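Sequential numbering of the sequence shown, starting at -19, is according to the working numbering.
All C-beta atoms, glycine included, are put in the ideal place defined by N, C-alpha and C.
From a predicted model like this one, the values you see are computed outputs, not experimental measurements.
What follows is a set of notes on a single structure, which appears directly below.
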Amino acid sequence: MTLAVHACQSLCSWHRTPKQLNGFPLLACRGCGSQWIRSEPWTPIDHTGRIPDDVRAELAER
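Set out below in C-alpha coordinates:
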(Lines of atoms letter the chains of each structure in order from A and count residues from 1; the text may use other names and numbers.)
(Lines give C-alpha, C1' and ligand atoms only; values in the text may rest on other atoms or scores of the structure.)
Protein backbone atom coordinates (compact mmCIF):
# COMPACT_ATOMS: atom_id res chain seq x y z
CA MET A 1 0.00 0.00 0.00
CA THR A 2 1.22 3.51 -0.78
CA LEU A 3 0.06 6.83 0.60
CA ALA A 4 -2.80 8.58 -1.14
CA VAL A 5 -1.88 12.09 -2.29
CA HIS A 6 -4.52 14.47 -3.64
CA ALA A 7 -4.60 18.16 -4.50
CA CYS A 8 -5.26 20.39 -1.51
CA GLN A 9 -8.74 21.87 -1.31
CA SER A 10 -7.96 24.18 1.66
CA LEU A 11 -10.28 22.05 3.83
CA CYS A 12 -7.47 20.29 5.71
CA SER A 13 -8.45 18.40 8.82
CA TRP A 14 -5.94 15.68 9.74
CA HIS A 15 -6.93 12.73 11.94
CA ARG A 16 -5.67 9.28 12.87
CA THR A 17 -7.33 6.40 11.02
CA PRO A 18 -7.70 2.81 12.28
CA LYS A 19 -5.16 1.65 9.67
CA GLN A 20 -1.38 1.37 9.66
CA LEU A 21 1.21 1.61 6.88
CA ASN A 22 4.70 0.16 7.28
CA GLY A 23 4.02 -0.26 11.00
CA PHE A 24 3.09 3.40 11.52
CA PRO A 25 -0.37 4.79 12.36
CA LEU A 26 -1.96 6.22 9.22
CA LEU A 27 -3.36 9.73 9.36
CA ALA A 28 -5.64 11.16 6.69
CA CYS A 29 -7.00 14.52 5.66
CA ARG A 30 -10.79 14.67 5.82
CA GLY A 31 -10.75 17.47 3.25
CA CYS A 32 -8.99 15.78 0.32
CA GLY A 33 -8.24 12.22 1.46
CA SER A 34 -4.45 12.54 1.38
CA GLN A 35 -2.58 10.35 3.85
CA TRP A 36 0.50 10.76 6.05
CA ILE A 37 2.74 8.69 8.32
CA ARG A 38 5.45 10.04 10.61
CA SER A 39 8.30 8.82 8.39
CA GLU A 40 7.29 11.36 5.74
CA PRO A 41 9.60 14.42 5.57
CA TRP A 42 6.73 16.95 5.66
CA THR A 43 4.28 17.94 8.41
CA PRO A 44 0.54 18.22 7.79
CA ILE A 45 -1.34 21.28 9.01
CA ASP A 46 -5.05 21.95 9.29
CA HIS A 47 -6.88 24.64 7.32
CA THR A 48 -6.31 26.94 10.32
CA GLY A 49 -2.52 26.69 9.91
CA ARG A 50 -2.25 24.66 13.14
CA ILE A 51 -0.50 21.29 13.47
CA PRO A 52 -3.25 18.91 14.67
CA ASP A 53 -2.85 17.05 17.97
CA ASP A 54 -2.80 13.65 16.21
CA VAL A 55 0.07 14.84 14.01
CA ARG A 56 1.94 16.32 17.01
CA ALA A 57 1.69 12.98 18.81
CA GLU A 58 3.20 11.19 15.81
CA LEU A 59 5.97 13.76 15.42
CA ALA A 60 6.94 13.19 19.06
CA GLU A 61 7.56 9.52 18.20
CA ARG A 62 10.08 10.30 15.43
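Kindly identify the DSSP beta-bridge partner or partners of residue i.
i             : result
tryptophan 16 : Leu7
tryptophan -6 : Cys9
leucine 1     : Phe4
In this structure, how does DSSP classify residue i when only helix, strand and coil are distinguished?
i           : result
proline -17 : The sequence given here places leucine at residue -17; proline does not occur at that position. Three-state DSSP puts leucine -17 in coil, outside helix and strand.
alanine 37  : helix
With a cut-off of 8 Å on the beta carbons, I'd call residue i and residue j a contact; round off their distance for me.
i          : j            : result
glycine 13 : histidine -5 : About 12 Å; that fails the 8 Å criterion.
leucine 7  : valine 35    : 6 Å
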